[in-house]
Amino acid sequence: MTLFQSNLYMTVSAVIQTEDLVVVVDPAWLPHEVEEIRNYTYTILNGRPLYILFTHSDYDHIIGYKAFPEAIANASEALKTKSEEGKVAVVEQIKAFDDEYYIIRGYEIAFPVVDVCAAKDGDAFVLGSTRLVFYPAPGHNDDGMFTVIEPLGLLIAGDYFSNVEFPYIYFDSALYERSILKLDDIIARHDIRLLITGHGDSTDQRAEMKRRQSDSLEYIRAMRSYILAGDQIRIDGLIANCRFPRNMRKFHKNNQLLIQKELESRLGKDDGTML
Ligand SMILES: [Zn+2]
Numbered sequence: 000m001t002l003f004q005s006n007l008y009m010t011v012s013a014v015i016q017t018e019d020l021v022v023v024v025d026p027a028w029l030p031h032e033v034e035e036i037r038n039y040t041y042t043i044l045n046g047r048p049l050y051i052l053f054t055h056s057d058y059d060h061i062i063g064y065k066a067f068p069e070a071i072a073n074a075s076e077a078l079k080t081k082s083e084e085g086k087v088a089v090v091e092q093i094k095a096f097d098d099e100y101y102i103i104r105g106y107e108i109a110f111p112v113v114d115v116c117a118a119k120d121g122d123a124f125v126l127g128s129t130r131l132v133f134y135p136a137p138g139h140n141d142d143g144m145f146t147v148i149e150p151l152g153l154l155i156a157g158d159y160f161s162n163v164e165f166p167y168i169y170f171d172s173a174l175y176e177r178s179i180l181k182l183d184d185i186i187a188r189h190d191i192r193l194l195i196t197g198h199g200d201s202t203d204q205r206a207e208m209k210r211r212q213s214d215s216l217e218y219i220r221a222m223r224s225y226i227l228a229g230d231q232i233r234i235d236g237l238i239a240n241c242r243f244p245r246n247m248r249k250f251h252k253n254n255q256l257l258i259q260k261e262l263e264s265r266l267g268k269d270d271g272t273m274l
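Last residue of the sequence shown: number 274 in numbering that gives the first Met the number 0, and the count goes up by one each step with no gaps.
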């Protein structure tokens with residue numbers, strides 16, 4: 000297994016090989032970075048079938064898709080069945096990014112066409128002695144997925160369990176919690192030897208995996224209770240020690256707005272009134 004970390008947002012791409020296949024995960028970001036991943040992949044491929052795995056459809060994670068045109072694409076069913084409008088919006092984000100920085104790529108920008116998809120926990124793809132076991136993980140966005148690669152014991156988590164980012168919640172905080180709680184089940188069912196996150200550093204320490212899980216849960220639960228208490232100072236304090244505050248503050252703010260909305264609609268349902 001080889002990990003590549005982009006200069007942008009500490010985004011992690013992976014190239015994983017077993018005796019049966021090679022799988023590229025979320026190849027990103029800049030043209031020379033994607034090119035490096037591509038060159039490495041084709042150097043080691045050696046006649047094995049090539050797969051490309053997407054942890055979710057945020058644009059930074061699918062940006063390198065067409066640099067691997069013959070790869071068989073794996074993703075969640077939710078990603079596969081995303082609305083046309085949703086797919087176009089993600090492709091537009093990539094094009095806007097490339098326009099913003101005058102980036103020229105040697106490959107086309109497109110939304111992945113998924114060949115192998117997973118709909119529920121434990122769905123697996125098997126080739127020879129290699130097993131890819133999938134666990135849908137919505138919450139961060141609507142089409143995330145954890146993948147365990149056996150027999151290597153790799154857990155590919157996408158944008159969860161980062162040691163750099165607090166939870167970025169674009170879709171649903173309750174689903175986010177439920178997804179990260181799946182870690183316990185996954186650890187019970189598989190001998191996980193490495194947790195690979197979409198941004199930041201991977202870890203082979205079980206205690207560190209659990210710590211990241213509980214930090215994320217704590218962040219979400221504290222955010223809810225501080226919102227209900229109207230305590231903006233403590234809400235702001237939740238990211239007091241974050242790594243890149245000038246950028247991360249806006250994600251924190253958006254989390255607050257999303258959770259506030261969730262709480263308002265929940266309370267509105269409970270007693271028939273709106274906040
Ligand atoms: Zn990401």
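Cβ coordinates follow ideal geometry from the N, Cα and C atoms, glycine included.
Query	Result
Residues surrounding ligand 1 [beta-carbon distance to nearest heavy atom under 5 Å]	57, 59, 158 and 197
Pick from 73, 45, 57 and 251 that is closest to residue 51, judged by C-alpha positions	73
Where residue 273 sits in the DSSP three-state scheme	Confidence in residue 273 is poor, its pLDDT being 46 and thus under 50, which makes the residue's placement too unreliable to answer from.
For residue 131: DSSP bridge partner residues	124 and 148
First and last residue of the uninterrupted beta strand (DSSP E) at residue 113	Run containing residue 113: none; DSSP gives neither H nor E here.
Touch test, the region 186-195 against the region 88-107, Cβ-Cβ under 8 Å, three pairs minimum	no
Other residues of its chain near residue 155: CB distance less than 8 Å, five sequence neighbours each side excluded	13, 24, 52, 54, 145, 146, 147, 148 and 195
Distance, residue 108 Cα to residue 67 Cα	11 Å
Contacting residues, own chain, Cβ-Cβ under 6 Å from residue 8 (five flanking each side not counted)	198
At least 3 beta-carbon pairs within less than 8 Å: the region 210-223 vs the region 153-167	yes
Length of the line joining the Cα atoms of residue 31 and residue 6	11 Å
Counted within 10 angstroms of its Cβ, other Cβ atoms place residue 45 as buried (16 or more) or exposed	exposed
Residue 103 versus residue 34 - alpha carbon distance	12 Å
Burial state of residue 263, where buried means 16 or more other Cβ atoms lie within 10 Å	exposed
Per-residue burial, residue 100 [other beta carbons within 10 Å of its own, 16 or more giving buried]	exposed
Where residue 273 falls, given that 16 or more other Cβ within 10 Å makes a residue buried	Its pLDDT being 46, under 50, residue 273 is placed unreliably in this model, and the coordinates cannot settle the point.
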